[in-house]
Ligand code: NDP
Ligand code: MG
């Protein structure tokens, strides 16, 4: 563990992804205060090896067993420990030797290692929103019990977190999550029905991993973020609003009980919220490009098109119903997005699969962790059967 003046030791779960690589860029520019302890990847052995050679962590995990020998051989001349397989993620999350986990694995797979880190009272820089969507009540209670600070990396939630600094005694009246609207803003179902993978992967403002990019195009991402916000900031569903803001300059807003609204702004660059989470409570000086208001003569705001982007309504239904509904929504969405990325289903089928799966799976009001895992598995199987996968 780092002492008062020592460097913060960082474990990046999902280091080869969009968030993971940007986290390493941040660390590379601040090696005086940050160092890498653990790196994990699922399949990208080449990049994991390159990262390990540069940052010299204590341990790496490659999820795919078949790649273990290659990673082991490539790092043989170093003293880096090499692990493989799903269980190894929890094993290294159990290490005492790191201070902050960057939870940057995509999807449900991020839940177990994050829970392990929370149970150890680690600081969690949370990018993996699915962790809170699936089991937010259990994760937040465990974080409270183990004094594990959860600092959001998701840009909207980082914005809200930043707006709340210094406001501990002031209740939130509502939060306003901004959404870019994605590549299909203004489009209607007759257009969306023909949308293909490559088009949906072109986000106007953000460069992200494939799954979240599709979620942004379907607006499921904003729905997942509403559920994430409920747990992070202890809100009622009616306190969470979404507004379309195509420029992605205001990252989100908080309205207090006197009607005053605070917004956090900046260029759309995930390195900012990543760095904020790693430095918190300090802001670390950097040379990232600065926002120039003259380049943004107008900032626009509009109501989301709930009729066309029905995922948002489904997520709000899950937010209101609680229990295992959001877990089911998430599982069906993960598998439907995977199928869309493999060109097995159409763009609008994603919503149909999620909706039918939500109708099918038995509602559990207060699930145990095991019941969340079971609901996830059942929802995946049912969604796969709908798509004949
Ligand atoms: P990517 O797909 O780019 O990266 C995912 C990472 O997780 C990779 O390192 C990947 O390894 C690893 N991984 C994938 N599947 C598994 C698995 N089954 N078990 C263990 N590791 C796995 O995703 P992003 O970086 O875009 O997103 C990560 C998380 O952050 C998501 O939850 C997303 O919603 C959230 N987020 C992302 C933002 C962004 O700008 N990208 C913004 C806000 C939130 P490999 O590369 O080897 O396959
Ligand atoms: Mg976001």
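In our numbering, the protein residues as written are 381 to 769.
Note that the Cβ used here is the ideal one computed from N, Cα and C, for glycine as well.
Asked                                                                                                                                                                         : Found
Would you say the beta carbon of residue 535 is closer than 7 Å to some non-hydrogen atom of the ligand MG?                                                                   : yes
Taking the DSSP output, what are the residues bridged to residue 464?                                                                                                         : 442
Quick one: does the C-beta of residue 510 sit closer than 7 Å to a heavy atom of the ligand NDP?                                                                              : yes
Would you grab the beta carbon distance between residue 609 and residue 537 for me? Rounded to a whole angstrom, and I think it's under 8 Å.                                  : 6 Å
What are the partner residues of residue 642, as DSSP defines its beta bridges?                                                                                               : 634
What did DSSP end up calling residue 509 once you bin it into helix, strand or coil?                                                                                          : coil
Rounded to the nearest angstrom, how far is the Cβ of residue 630 from that of residue 565, given a contact under 8 Å?                                                        : Going by Cβ atoms, the distance from residue 630 to residue 565 rounds to 16 Å, so no, they are not a contact pair.
Give a yes or no on contact between the segment 580-599 and the segment 666-682, applying the rule of three or more CB pairs nearer than 8 Å.                                 : no
How is residue 407 classed by DSSP in three states: helix, strand or coil?                                                                                                    : helix
Can you check DSSP and say which residues form a bridge with residue 481?                                                                                                     : 391, 504
Is residue 531 helix, strand or coil by DSSP?                                                                                                                                 : strand
How is residue 733 classed by DSSP in three states: helix, strand or coil?                                                                                                    : helix
Say yes only if the C-beta of residue 605 is nearer than 7 Å to one or more non-hydrogen atoms of the ligand MG, and no if none qualify.                                      : yes
On the criterion of 16 or more Cβ atoms from any shown chain inside 10 Å, does residue 571 qualify as buried, or is it exposed?                                               : exposed
Considering only C-alpha positions, which residue in the set 717, 487, 449, 738 is nearest to residue 729?                                                                    : 717
Looking at the unbroken alpha helix (DSSP H) that takes in residue 608, where does it start and where does it end?                                                            : 600-613
For residue 415, count neighbouring C-beta atoms within 10 Å of its own C-beta (all shown protein chains included) and say buried if the count is 16 or more, exposed if not. : buried
If you draw a straight line from the alpha carbon of residue 500 to that of residue 474, how long is it in whole angstroms?                                                   : 7 Å
Using DSSP bridges, identify the partner residues of residue 554.                                                                                                             : 635
Tell me the residue span of the beta strand (DSSP E) that contains residue 420.                                                                                               : 414-421
Would you say residue 484 touches the ligand NDP, meaning its beta carbon is less than 7 Å from a heavy atom?                                                                 : yes
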